[in-house]
Amino acid sequence: MSRLQSHTDELRWTPQDGSDRVVEYALFSRSGFEPSVEEAATQRDDLRLFTVADVVDRLT
1 MSRLQSHTDE LRWTPQDGSD RVVEYALFSR SGFEPSVEEA ATQRDDLRLF
51 TVADVVDRLT
């Protein structure tokens, strides 16, 4: 997660209306997430976790 966050600092993007950008993270996993990542997702409003089942459910 920390590597992903460091990469967002490299993005040079500003919304068309000139407002501050809002950074949100979506992580996808086939085999589940480490407990530390699941815990982080419960504590953060900007992090969402998706499994294969989540994706399939939304597509069907």
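Numbering-wise (my numbering), the sequence shown opens with residue 1 and increments by one.
Here a beta-carbon is modelled for each residue, glycine too, at the ideal position from N, C-alpha and C.
Note that the coordinates shown come from a computational prediction; the quantities given were computed from them, not determined experimentally.
Rounded to whole angstroms, the gap between the alpha carbons of valine 52 and leucine 59 is 11 Å. Within the same chain, Cβ atoms closer than 6 Å to the Cβ of phenylalanine 33 are found at Leu49, the five residues on either side in sequence being excluded. Non-local C-beta neighbours of arginine 30 in its own chain, meaning closer than 6 Å and more than five positions away in sequence, comprise Val52, ordered along the chain. According to DSSP, residue pairing for leucine 47 in a beta bridge involves Tyr25. Short of 6 Å from the beta carbon of glycine 18, and not among the five residues preceding or following it, lies no beta carbon of its own chain.
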